[in-house]
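**Student:** Starting off with a structure, shown below.
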Amino acid sequence: MLEAILILAGLAIIFGLLLGFAEIRFKVEGDPVVDRIDAILPQTQCGQCTYPGCRPYAEAIVKGEADINQCPPGGEVVIQHLADLLDVEPKPLNADNGEEKEQKTVVIIDEQICIGCTLCIQACPVDAILGAAKQMHTVISDECTGCDLCIPPCPVDCIYIVPLEPELTAWKWPLPAGEQA
Amino acid sequence: MNEYALILISTILVNNFVLVKFLGLCPFLGVSRKLETATGMALATTFVLTLASICSYLANEYLLNPFGLEYLRTITFILIIAAVVQLTEMIVHKTSPLLYQVLGIFLPLITTNCAVLGVALLNVQTGHGFIESALYGFGAALGFSLVLILFAAMRERIMVADVPEPFKGPSIALVTAGLMSLAFMGFAGLVKG
Chain A
262 MLEAILILAG
272 LAIIFGLLLG
282 FAEIRFKVEG
292 DPVVDRIDAI
302 LPQTQCGQCT
312 YPGCRPYAEA
322 IVKGEADINQ
332 CPPGGEVVIQ
342 HLADLLDVEP
352 KPLNADNGEE
362 KEQKTVVIID
372 EQICIGCTLC
382 IQACPVDAIL
392 GAAKQMHTVI
402 SDECTGCDLC
412 IPPCPVDCIY
422 IVPLEPELTA
432 WKWPLPAGEQ
442 A
Chain B
3 MNEYALILIS
13 TILVNNFVLV
23 KFLGLCPFLG
33 VSRKLETATG
43 MALATTFVLT
53 LASICSYLAN
63 EYLLNPFGLE
73 YLRTITFILI
83 IAAVVQLTEM
93 IVHKTSPLLY
103 QVLGIFLPLI
113 TTNCAVLGVA
123 LLNVQTGHGF
133 IESALYGFGA
143 ALGFSLVLIL
153 FAAMRERIMV
163 ADVPEPFKGP
173 SIALVTAGLM
183 SLAFMGFAGL
193 VKG
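Protein chains in written order, with our numbering: chain A, 262 to 442; chain B, 3 to 195.
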């Protein structure tokens, strides 16, 4: 009986030590703070913070290049969460980057007017626009983050912003999801 | 020498763990959607299977048998397998973060791949020696890799094929697996025993 306990415990200790050693030996260099900031950001990839996406913005915050108040889609909630995480004072949204929308919006394409130029497809950061050259395009509203980046490139102005009514079928958890800090 | 070749052929083709013994079906269906991930999974499983087979043989021969603790075999083997899988996970995370992300939950799930425990237990049951155990594990892993990669390649082609509506997705995958299993049953009799 004693032998059984000793052997099993001994094996477990040996493997534990081995794994502990391997953990140090194969340590993965990563920046957990970037991941946590990235998790707070709304992932609209809209670029209104002047960085090419949410992750680059998170990296810029960690490097100290960017301030925490440059994310209009996230608005006050994101600023508050970032301030909690980074232990700094929350500040109002930087007006240079844009304003926080009162309501979540998506865009729609007026398919009668669309000429199929694909310019909006190239502008969309989340691939929410479907279509091909000289075919009319359409927006997958489930995927649309409401960043409005597709509107400036459209040569015929056939993209409109529509507010997204909170219905049972369209309702999603508000971003950012829950407490991150 | 001849005997070792027989063990390899037997585990790879005749008694293929996935298609003839029906062990390790979870990753066989889970990660066979793309050839790339299947190859990664095959490599990881090969590493785990061979190492676990050797380690469990050593533990059984030099720790359990001398003290008459055969009844602890299963839990000891599971302990060994879990440790080896953890080690593999760390190595994969370090060497190929992309593969680590793609394999996701299936990497730690090698622990519960019944082929791994099956090989360790069958080694004891058939009374294999050290080299035989290692070869048995390695052969089982090669067989697993072979069918996993074959299956993934087939599934990739089926993806673009015109499959009737009710058969789409997992159903056609299971039908394919069944046909593959039938084909592998054809190897029975190639090696006796």
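Note that beta-carbon positions come from the ideal geometry of N, C-alpha and C, so glycine has one too. Everything numeric in this text was worked out from a predicted model, so none of it was measured.
Going by alpha carbons, who is nearest to PHE24 of chain B out of B:ALA117, B:VAL177, B:THR52, B:ARG157?
**Tutor:** Start at 1 with the first residue of the second sequence, and residue 24 of chain B comes out as number 22. Of the candidates B:ALA117, B:VAL177, B:THR52, B:ARG157, the one whose C-alpha sits nearest the C-alpha of PHE24 of chain B is B:ALA117.
**Student:** Where does LEU391 of chain A fall in DSSP's three states?
**Tutor:** Indexing the first sequence from 1 puts residue 391 of chain A at position 130. In the structure shown, LEU391 of chain A sits in a strand (DSSP, three-state: E or B).
**Student:** Short of 7 Å in beta carbon distance, which residues of its chain neighbour ALA142 of chain B, apart from the five on each side in sequence? Order them along the chain.
**Tutor:** Reading the second sequence from its first residue, position 140 is the one you call residue 142 of chain B. THR13, PHE19, LEU51, ALA117, VAL121.
**Student:** Am I right that VAL367 of chain A and CYS405 of chain A are in contact with their C-beta atoms under 8 Å? What's the rounded C-beta distance?
**Tutor:** Taking the first sequence and counting its residues from 1, the one referred to as residue 367 of chain A is at position 106. Taking the first sequence and counting its residues from 1, the one referred to as residue 405 of chain A is at position 144. VAL367 of chain A to CYS405 of chain A, Cβ: 4 Å. Contact.
**Student:** Cβ closer than 7 Å: which chain B residues qualify as neighbours of ALA273 of chain A?
**Tutor:** In the first sequence, counting from the first residue as 1, residue 273 of chain A sits at position 12. Under the 7 Å cutoff, chain B gives LEU81.
**Student:** For LEU74 of chain B, is the classification buried or exposed, using 16 other Cβ atoms within 10 angstroms of its Cβ as the cut-off for buried?
**Tutor:** Residue 74 of chain B sits at position 72 when you count from the first residue of the second sequence. The residue in question, LEU74 of chain B, is buried, as its Cβ has 16 or more Cβ neighbours within 10 Å.
**Student:** I'd like to know if LEU343 of chain A contacts chain B, where contact means its C-beta is closer than 8 Å to some C-beta of that chain.
**Tutor:** The residue labelled residue 343 of chain A in the question sits at position 82 within the first sequence. False, the Cβ-Cβ gap to chain B never drops below 8 Å.
**Student:** Evaluate GLN306 of chain A with the Cβ neighbour count: other Cβ atoms within 10 Å of its Cβ, from every protein chain shown; 16 or more gives buried, anything less gives exposed.
**Tutor:** Reading the first sequence from its first residue, position 45 is the one you call residue 306 of chain A. Under this definition GLN306 of chain A is a buried residue.
**Student:** Looking only at its own chain, which residues have a Cβ that is under 7 Å from the Cβ of CYS411 of chain A, when we skip the five neighbours before and after it?
**Tutor:** Start at 1 with the first residue of the first sequence, and residue 411 of chain A comes out as number 150. For CYS411 of chain A, where only same-chain residues beyond five positions count, the Cβ hits under 7 Å are VAL368, CYS381, ALA384, CYS385, ILE390, ILE420.
**Student:** Using 10 angstroms around the beta-carbon of VAL94 of chain B, count the other beta-carbons present and answer buried if the total reaches 16, otherwise exposed.
**Tutor:** Here residue 94 of chain B is taken as the residue at index 92 of the second sequence, counted from 1. Answer is buried; the Cβ neighbour count reaches 16.
**Student:** Three or more beta-carbon pairs under 8 Å between the region 158–175 of chain B and the region 58–77 of chain B, yes or no?
**Tutor:** The region 158–175 of chain B, when compared against the region 58–77 of chain B, does not touch it at the 8 Å Cβ threshold.
**Student:** Candidates A:GLU372, A:ASN330, A:LEU263: which alpha carbon is nearest PHE69 of chain B's?
**Tutor:** Taking the first residue of the second sequence as position 1, residue 69 of chain B is located at position 67. Ranking the options by Cα distance to PHE69 of chain B, first place goes to A:LEU263.
**Student:** Sort out for me which residues DSSP pairs ILE420 of chain A with in a bridge.
**Tutor:** Residue numbering aside, residue 420 of chain A sits at position 159 when the first sequence is read from its first letter. A:ILE370.
**Student:** Tell me which residues share the same chain as GLY195 of chain B and place their Cβ nearer than 6 Å to its Cβ, disregarding the 5 neighbours each side in the sequence.
**Tutor:** Counting from one through the second sequence, the residue named residue 195 of chain B turns up at place 193. In this prediction, GLY195 of chain B scores a pLDDT of 48, lower than 50, which makes its location untrustworthy; the coordinate-derived value is nonetheless stated afterwards. Once the five neighbours on either side are set aside, GLY195 of chain B has no close Cβ partner at all.
**Student:** Does GLU264 of chain A have its Cβ less than 8 Å from a Cβ in chain B?
**Tutor:** Here residue 264 of chain A refers to the residue found at position 3 when the first sequence is read from its first residue. Yes, because at least one Cβ of chain B sits closer than 8 Å to the Cβ of GLU264 of chain A.
**Student:** Pick out whichever of A:ASN330, A:GLY335, A:GLY359 has its Cα sitting closest to the Cα of PRO351 of chain A.
**Tutor:** Counted from its first residue, the first sequence places residue 351 of chain A at position 90. Considering only alpha carbons, the answer is A:ASN330.
**Student:** Any C-beta of chain A sitting closer than 8 Å to the C-beta of PHE132 of chain B?
**Tutor:** The sequence position of residue 132 of chain B within the second sequence is 130, counting from 1. Chain A, which has no Cβ nearer than 8 Å to the Cβ of PHE132 of chain B, makes this no.
**Student:** Based on DSSP bridge pairs, tell me the residues matched to THR399 of chain A.
**Tutor:** Translated into the one-based positions of the first sequence, residue 399 of chain A becomes position 138. Answer by DSSP bridge pairing, in chain order: A:LEU391.
**Student:** Do MET397 of chain A and CYS415 of chain A have their beta-carbon atoms positioned less than 8 Å apart in this structure?
**Tutor:** Here the question's residue 415 of chain A lines up with position 154 in the first sequence. Here the question's residue 397 of chain A lines up with position 136 in the first sequence. In this structure, MET397 of chain A does not lie closer than 8 Å to CYS415 of chain A by Cβ.
**Student:** When DSSP labels each residue in this structure, what does TYR318 of chain A get in the three-state scheme?
**Tutor:** What you label residue 318 of chain A is simply residue 57 of the first sequence in a count that begins at 1. Of the three classes helix, strand and coil, the one that applies to TYR318 of chain A here is helix, per DSSP.
**Student:** Could you name the residues of the region 58–69 of chain B whose beta carbon sits closer than 8 Å to any beta carbon of chain A, in the order they occur along the chain?
**Tutor:** Correct list: ALA61, LEU65, LEU66, PHE69.
**Student:** Which residues of chain B have a Cβ atom closer than 8 Å to the Cβ of ALA300 of chain A, listed in chain order?
**Tutor:** The count along the first sequence starts at 1 and reaches residue 300 of chain A at position 39. Ordered by position in chain B, no residue passes the 8 Å Cβ test against ALA300 of chain A, which lies about 16 Å from the chain.
**Student:** Give the interface partners of GLU284 of chain A over in chain B, defined as CB-CB distance under 8 Å, in chain order.
**Tutor:** In the first sequence, the residue the question calls residue 284 of chain A occupies position 23. Residues of chain B passing the Cβ test: MET92.
**Student:** Cβ of LEU89 of chain B within 8 Å of Cβ of ALA283 of chain A?
**Tutor:** On the second sequence, position 87 is the one that residue 89 of chain B refers to. On the first sequence, position 22 is the one that residue 283 of chain A refers to. Yes, these two residues count as a Cβ contact at 8 Å.
**Student:** Using a C-beta cutoff of 8 Å, does ALA54 of chain B count as contacting chain A?
**Tutor:** The residue labelled residue 54 of chain B in the question sits at position 52 within the second sequence. By this cut-off, ALA54 of chain B is not an interface position.
**Student:** Taking PRO334 of chain A and PRO303 of chain A to be in contact with their CB atoms under 8 Å, please state how far apart those CB atoms are, rounded to whole angstroms.
**Tutor:** Residue 334 of chain A sits at position 73 when you count from the first residue of the first sequence. Residue 303 of chain A sits at position 42 when you count from the first residue of the first sequence. Between PRO303 of chain A and PRO334 of chain A the Cβ distance is about 5 Å, and since that is below 8 Å, they are a contact.
**Student:** Within the 8 Å Cβ cut-off, does THR113 of chain B reach chain A?
**Tutor:** Stepping through the second sequence from its first residue, residue 113 of chain B is reached at position 111. No, THR113 of chain B does not count as interfacial toward chain A.
**Student:** So is LEU278 of chain A in contact with chain B if we call contact Cβ pairs under 8 Å?
**Tutor:** Numbered from 1 along the first sequence, position 17 holds the residue referred to as residue 278 of chain A. False, the Cβ-Cβ gap to chain B never drops below 8 Å.
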